[in-house]
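Peer 1: The structure follows.
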Amino acid sequence: MRVPESPLRQSLISLTTGLLLAATMATLGGEIRLRLPFDIFPGAAYLALLSFPAVWRERSGGDASADLQLGAYLGPAYTGGSDLNLVQPGGTDMTFRDIAWEGRPFRRPPYYGYRAIYWSDRYGVMLDFTHIKAIAIKDRPVQQSGFKDGDHVPPQAPISATLKRLEFTHGYNLLTLNALRRGASRGPNLIPYFGLGLGVAIPHVEVERADTPQSARTFEYQITGPALQLLGGIEWRFGR
């Protein structure tokens, strides 16, 4: 007769399996992994996190004042204009002004995110991963200045005259740790909340000159600096 495993043991097995899957996918690297319909590593890590509620309940004894939530989300995304400074060997140091970007949030890989929230009464802590795309509109003329290959650039030209590719198709990814607070209930099932968080931006940079071989392009993840997140919403509880 087989003795049934405890919930804690089953949760730990599930967690270990998910993390191993995430680590395996992460080792694939290169363009093969990035050309899949969506990034596998965040999804695999999220599946591993699904075992956390059972582990937490087992260890906390079902504390009614605490609440652990896991979530995934989709939606639209909007981008603002920005400047770009391009510096390359051979006398290229030029600046593009007010580049327009588009997000294409519903084309794969889509805009998406994962989050894990721990609540204790009205206060909470959230770890949030957000995958945003940004693709430069290259055919629109922009103001530019500086030098390209040692020569002065014209004051206005489309980006496509210099760059064949300028985008973050595999994500301008944000990883933030947020402090949350719940507001007063608005009825039996509606609870507003708001929060503030800090983290890091991890974009996948894709830049390619129009007049250079494909091997000279930039195609990699980079850690580019801090990220700030402000958020708010209404939690609608339609079940336990």
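Heads up, the sequence shown is in this note's numbering, so the first residue is 23 and it goes up one at a time. C-beta atoms are modelled at their ideal positions from N, C-alpha and C, and glycine is treated no differently.
Residue 257 to residue 176, Cα distance in whole Å?
Peer 2: C-alpha separation (whole angstroms): 53 angstroms.
Peer 1: Can the beta-carbon of residue 170 be found closer than 7 angstroms to that of residue 232?
Peer 2: Contact: no.
Peer 1: Using 10 angstroms around the beta-carbon of residue 109, count the other beta-carbons present and answer buried if the total reaches 16, otherwise exposed.
Peer 2: Classification of residue 109: exposed, given that the 10 Å Cβ count is below 16.
Peer 1: Quick one: measure Cβ to Cβ for residue 250 and residue 216, integer angstroms, because I've assumed they're closer than 8 angstroms.
Peer 2: Between residue 216 and residue 250 the Cβ distance is about 14 angstroms, and since that is not below 8 angstroms, they are no contact.
Peer 1: Flag this pair as touching only if the region 119-136 and the region 158-165 have three or more C-beta atom pairs under 8 angstroms; answer yes or no.
Peer 2: Touching, yes.
Peer 1: Going by C-alpha distance, which of 214, 200 and 199 is nearest residue 206?
Peer 2: Comparing Cα-Cα distances from residue 206 to each of 214, 200 and 199, the minimum goes to 214.
Peer 1: On the three-state DSSP scale, how would you describe residue 238?
Peer 2: Helix at residue 238.
Peer 1: At which residues does the beta strand (DSSP E) containing residue 151 begin and terminate?
Peer 2: 145-153 is the span of the beta strand (DSSP E), which, as asked, contains residue 151.
Peer 1: Could I get the ranges of all uninterrupted beta strand (DSSP E) runs contained in the region 104-168, with 3 residues as the minimum, in chain order?
Peer 2: Here the runs fully enclosed are 104-110, 114-121, 134-142 and 145-153.
Peer 1: For residue 204 and residue 198, I'd like the C-alpha separation in whole angstroms.
Peer 2: Going by the C-alpha atoms only, they are around 19 angstroms apart.
Peer 1: Does residue 235 pass the burial test, meaning 16 or more other C-beta atoms within 10 Å, or should it be called exposed?
Peer 2: Exposed, since its Cβ has fewer than 16 Cβ neighbours within 10 Å.
Peer 1: Which value, in whole angstroms, describes the spacing of the CA atoms of residue 128 and residue 189?
Peer 2: The straight-line gap from Cα to Cα measures roughly 16 angstroms.
Peer 1: Could you tell me the alpha carbon to alpha carbon distance between residue 265 and residue 173, rounded to whole angstroms?
Peer 2: This structure does not reach residue 265, given that the chain is present from 23 up to 262, and the question cannot be answered.
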